[in-house]
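> All residue numbers for the sequence shown refer to the numbering used here, where the first residue is 440 and numbers rise by one.
All C-beta atoms, glycine included, are put in the ideal place defined by N, C-alpha and C.
Only a predicted model underlies this, so the values are computations on that prediction, with no experimental measurement involved.
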Amino acid sequence: MDSDRFVKWITDTSMKLRILHAALCETAIYDSGTKSIGDYTLLYSGLPSVNKTRSVHGVAVLLDKRATNNWKQSGSEWQAITERIIKVRLKCTPMHITFIAVYAPVNPSNKTMADNSEKFYMDFQETMDGISKNDMIVLIGDFNARVSQPQHPTTFRTVGPFTMDAQNENGESLVDFCTTNNL
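Set out below in structure tokens:
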């Protein structure tokens, strides 16, 4: 399915299910920008089209009509961080809401993949550092992570009681990230 048909299908499904906000991963959309589709707005971030490869990745945030109106009328902002991270800040009352949609690399199995994963979390941390402490933060997307019961008492607050049996490397990275950022 090409990216335009995919986006149309997602939008139609979101309307039927009355979804207000959604994160889309592996969109395979190149470049970054916005698209209006009916009452919805798609804010997307992907690889630059000059770097076309089979591994396009891509991440997007879909906003319904009300969120789109807020985004347009309040001076809200969005930023394509990388092809794996996008940030959307809605100026709301009583507090602003920042959505960070991510598509994390798969669990690393070699040095290159480990480097990509490390770069992803560095970009992710840099994005978090740029968010106002007064904002409500909503992290959404595919972290490619399996998180298990905490082995250390300080991570219980982050993880909670409902987890997988085995944690993978991405799960460790995600828990460390959340613990570092008090999430």
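In whole angstroms, what is the alpha-carbon distance linking residue 588 and residue 542?
On the sequence shown, residue 588 is found 149 positions in, with the first residue counted as 1. On the sequence shown, residue 542 is found 103 positions in, with the first residue counted as 1. Going by the C-alpha atoms only, they are around 23 Å apart.
> Beta carbon of residue 577, beta carbon of residue 598: below 8 Å?
Against the sequence shown, residue 577 aligns to sequence position 138. Against the sequence shown, residue 598 aligns to sequence position 159. In this structure, residue 577 sits away from residue 598, with a CB-CB distance that is not shorter than 8 Å.
> If contacts are defined as beta-carbon pairs under 8 Å, then residue 535 and residue 581 qualify, I think. What distance do you get, rounded to the angstrom?
The residue you call residue 535 lines up with position 96 of the sequence shown. The residue you call residue 581 lines up with position 142 of the sequence shown. Residue 535 to residue 581, Cβ: 25 Å. No contact.
> Per the DSSP calculation, residue 541 is bridged to which residue(s)?
As a position in the sequence shown, residue 541 is number 102, starting the count at 1. DSSP lists 524 and 580 as partners of residue 541.
> Can you give the beta carbon distance from residue 498 to residue 466, rounded, assuming they're within the 8 Å contact cut?
Along the sequence shown, read from residue 1 onward, the residue named residue 498 stands at position 59. Along the sequence shown, read from residue 1 onward, the residue named residue 466 stands at position 27. Going by Cβ atoms, the distance from residue 498 to residue 466 rounds to 7 Å, so yes, they are a contact pair.
> Using the Cβ count rule (16 or more neighbours within 10 Å means buried), how would you classify residue 448?
For this step, residue 448 is matched to residue 9 along the sequence shown. The residue is exposed, with fewer than 16 neighbouring Cβ atoms inside 10 Å.
> Quick check on residue 553: does DSSP put it in helix, strand or coil?
Mapped onto the sequence shown, residue 553 falls at position 114. Correct three-state label for residue 553: helix.
> With distance defined between alpha-carbon atoms, name the residue in 600, 560, 601 and 530 nearest to residue 524.
Residue numbering aside, residue 524 sits at position 85 when the sequence shown is read from its first letter. Among 600, 560, 601 and 530, the Cα nearest to that of residue 524 is on 560.
> For residue 564, which three-state DSSP category applies?
Residue mapping note: residue 564 aligns to position 125 of the sequence shown, counting from 1. Residue 564 falls in the helix class under three-state DSSP.
> Going by C-alpha distance, which of 520, 521, 533 and 538 is nearest residue 527?
Position 88 of the sequence shown holds residue 527. Selected option, being the one with the closest Cα: 538.
> For residue 450 and residue 562, what's the separation of their Cα atoms in angstroms?
One-based indexing of the sequence shown puts residue 450 at position 11. One-based indexing of the sequence shown puts residue 562 at position 123. Spanning the two alpha carbons is a distance of roughly 28 Å.
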